[in-house]
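Residue numbers (my numbering), protein chains in the order written: chain A, 436 to 714; chain B, 303 to 618.
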């Protein structure tokens, strides 16, 4: 029970959060700026005011780095099988079905071939919108096949990561996708074929601890969270606040694990230059 | 006598204590028949309990503080162990131990997670939770093994890689990823054995090999049941359900074709008779090593990569 009652209407908390109706406008998570979605897309989903890089999906990313119309998707129809009949608060089967419907995607990665400034590449890009970009059997297998494709056709490989880590609902199967993708990369590396790993927000857990950290070149987007354990888990374990900028791309580069931090608008140019240099 | 007794172990251990007491009395009394009957009863009771263990109970057994750890197995299975320290870059992680030893006449490189038995030794071993230098030490030792053409045996027993600020700063993810890649093409045989807890990337970081074995009462999965419960159920209370859902026991993983073989434990679990557990494991390791040692290196590596490539289930 409240001690006294407000006679006038409450001050609405909404008024400060600058909430906007679904539709044309969106808000920058970082600076709060309200941006028109069309303008945002023209700016490659980067806030013009503060350079915050919005999370985007594979469709958007392919449009940014690949030559128009050059993308040919592989293994598009592969879907999750729910091998363990996993149930938590929801059935995994339903979770997958709902997510597929909502996102229009079949799983958390799309792979294929494409061109960067007329140069042929094999490319994979993860979709965070699909169960947190988590890696289960489908992601592991599709990435592995992309690596195989690069290996067999002697084509440079680019993997753009965005993932919370391994997918819990496929338990040990998910864990083994880390070993599987890494084993395939061992073979690729042995054949002298370049692999560029691009890390976007967030790249964490089992994805970082396997293919994302095994590139010949590590490129990150500004401000991307890149790490193994989640910040919440670390904070709980050590019982202390985390330093500012902890696990952000700039922090991780300072520790020696990232070659380049590249703005989205420069990504295609950078990839192209790098590939040209080593070809 | 056991100091730490799990709930479901209680009936068996109480009966055993009773038999022990009767034995002491039996010098004066003739109760040999009664003792034999009781012993039979204990055997049956134990079998009943252990046949029907839930997955969560198996997790508890895998964590039993009296279970043999890596250094115990090394002491019981091998001779002449020479422990090697340090990653040559940063330091010596005490939660991963390793070195050359003889398994009968065969020199091997043994590497494993190491837990402590009490507060002091657990702090020293960081509760078996490695930092990057642990994985890098392990990799250095594996490269040594490859250089001198000795097979590698890894023993997995960790609650996970350490989630700390420094571990992240020194590249926890990179160190695990590198091990996965390097182990998949190491030019000598690798046998992996889960001897306790196989928690996620922290376990897999020394877990890629030609043969993957699990002791009977161990678990291996992408996440510990408690953490899974806290993330998916948003509460720590659903660990039993999480353990069931994750299907994380040796039987489960054999069914999922992720492991090759289950190593049986003595009645009541490895902690009730460590010597016997080690003897069984030693025989199996020697048996598994024989064909691997005869294989050509190229074929060995190709087969290892293919083995992991086949893991997973999907529709297309």
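Think of the CB as a built atom: it goes at the ideal place given N, C-alpha and C, for glycine as much as any other residue.
Every value quoted in this text rests on a predicted model; they were computed, and no experiment measured them.
**Study point:** Same chain, Cβ closer than 7 Å to residue 373 (chain B), neighbours up to 5 away in sequence not counted
**Key:** 399 and 416
Point to revise | Contact under 7 Å by Cβ, residue 613 (chain B) with residue 611 (chain A) | key: yes
Check your understanding: If you draw a straight line from the C-alpha of residue 481 (chain A) to the C-alpha of residue 656 (chain A), how long is it?
Key -> Roughly 11 Å between the two C-alpha positions.
Review point. With distances taken from CA atoms, which of B:557, B:473 and B:329 is nearest residue 615 (chain B)?
Key: Just measuring C-alpha positions, the residue of B:557, B:473 and B:329 sitting nearest residue 615 (chain B) is B:557.
**Study point:** Segment contact flag, the region 669-688 of chain A with the region 587-604 of chain A, C-beta cutoff 8 Å, min 3 pairs
**Key:** At 8 Å Cβ cutoff, the stretches do not touch.
**Study point:** Closest by C-alpha distance to residue 547 (chain B), when choosing among B:559, B:367 and B:527
**Key:** B:527
Exercise for review: Tell me where the alpha helix (DSSP H) around residue 458 (chain B) begins and ends.
Suggested key: First-last for residue 458 (chain B): 454-460, but that is the beta strand (DSSP E), not the alpha helix (DSSP H).
Check your understanding: What are the residues of the region 460-480 of chain B that lie near chain A, defined by any Cβ-Cβ distance shorter than 9 Å?
Key -> Taking 9 Å as the cut-off between beta carbons, the residues of the region 460-480 of chain B near chain A are 462, 463, 464, 465, 466, 467, 469, 470, 471, 472, 473, 474, 475, 476, 477, 478, 479 and 480, in sequence order.
Check your understanding: Around the C-beta of residue 700 (chain A), are 16 or more other C-beta atoms found within 10 angstroms, so that it is buried, or is it exposed?
Key -> exposed
Practice item. Taking C-beta pairs closer than 8 Å, name the residues in chain B that residue 695 (chain A) reaches, listed in chain order. Key: None at all; the shortest Cβ gap to chain B is about 16 Å.
**Study point:** Opposing strand residues paired with residue 548 (chain A) [DSSP bridges]
**Key:** According to the DSSP secondary-structure assignment, residue 548 (chain A) is paired through a beta bridge with A:507 and A:557.
Exercise for review: Put residue 415 (chain A) into one of helix, strand or coil per three-state DSSP.
Suggested key: The structure shown has nothing for residue 415 (chain A), since chain A only spans 436 to 714.
Exercise for review: Could you work out which residue in A:484, A:474 and A:478 is closest to residue 467 (chain A) when comparing CA atoms only?
Suggested key: The shortest C-alpha separation from residue 467 (chain A) is found at A:484.
Review point. Does any residue of chain A bring its CB to less than 7 Å from the CB of residue 328 (chain B)?
Key: no
Point to revise | chain A contacts from the region 407-427 of chain B (Cβ-Cβ distance under 8 Å) | key: So the list is empty, because no residue satisfies the distance condition.
Exercise for review: Could you name the residues of the same chain whose beta carbon sits closer than 7 Å to that of residue 442 (chain B), not counting the 5 residues immediately before and after it, in chain order?
Suggested key: Cβ within range, chain order: 389 and 390.
Exercise for review: Within its chain, find whatever has a CB closer than 7 Å to the CB of residue 686 (chain A); leave out the 5 residues flanking it on each side and keep chain order.
Suggested key: 680
**Study point:** Pairwise C-alpha distance: residue 512 (chain B) and residue 560 (chain B)
**Key:** 12 Å
Check your understanding: Are the C-beta of residue 523 (chain A) and some C-beta of chain B separated by less than 7 Å?
Key -> yes
Check your understanding: With 16 as the cutoff for other CB atoms within 10 Å, does residue 438 (chain A) come out buried or exposed?
Key -> Under this definition residue 438 (chain A) is an exposed residue.
Review point. In angstroms, rounded to a whole number, what distance separates the CA positions of residue 526 (chain A) and residue 539 (chain A)?
Key: The alpha-carbon atoms of residue 526 (chain A) and residue 539 (chain A) are separated by roughly 19 Å.
Practice item. Between the Cα of residue 265 (chain B) and those of B:461, B:491, B:359 and B:459, spot the shortest distance and give me the residue it belongs to. Key: Residue 265 (chain B) lies beyond the residue range present for chain B, which begins at 303 and ends at 618; the question has no answer from this structure.
Exercise for review: Find out if the Cβ-Cβ distance for the pair residue 558 (chain A), residue 591 (chain A) is shorter than 7 Å.
Suggested key: no
Check your understanding: Would you say residue 583 (chain B) and residue 565 (chain B) are within 7 Å of each other, going by their C-beta atoms?
Key -> yes
**Study point:** Of the residues B:378, B:386, B:379 and B:311, the one placed nearest residue 353 (chain B), counting alpha carbons only
**Key:** B:311
**Study point:** For residue 551 (chain B), the three-state DSSP class (helix, strand or coil)
**Key:** strand
Exercise for review: Compare the beta carbon distance of residue 617 (chain A) and residue 482 (chain B) with 7 Å and say whether it is the shorter of the two.
Suggested key: Yes.
Exercise for review: Output the boundary residues of the alpha helix (DSSP H) element that contains residue 488 (chain A).
Suggested key: Premise fails: residue 488 (chain A) is in no alpha helix (DSSP H) and is neither H nor E.
**Study point:** Cβ neighbours of residue 581 (chain A) in the same chain (closer than 6 Å, five flanking residues each side left out)
**Key:** For residue 581 (chain A), where only same-chain residues beyond five positions count, the Cβ hits under 6 Å are 546, 557 and 559.
Exercise for review: Please classify residue 464 (chain A): does DSSP put it in a helix, a strand, or coil?
Suggested key: The answer is coil: DSSP assigns residue 464 (chain A) none of H, G, I, E or B.
**Study point:** 7 Å CB neighbourhood of residue 479 (chain A) in its chain, flanking five on each side removed
**Key:** 499, 699 and 700
Check your understanding: Quick one: which chain B residues come within Cβ less than 9 Å of residue 608 (chain A)?
Key -> Counting only Cβ-Cβ distances below 9 Å, residue 608 (chain A) has contacts in chain B at 524, 558, 560, 613, 614 and 615, in chain order.
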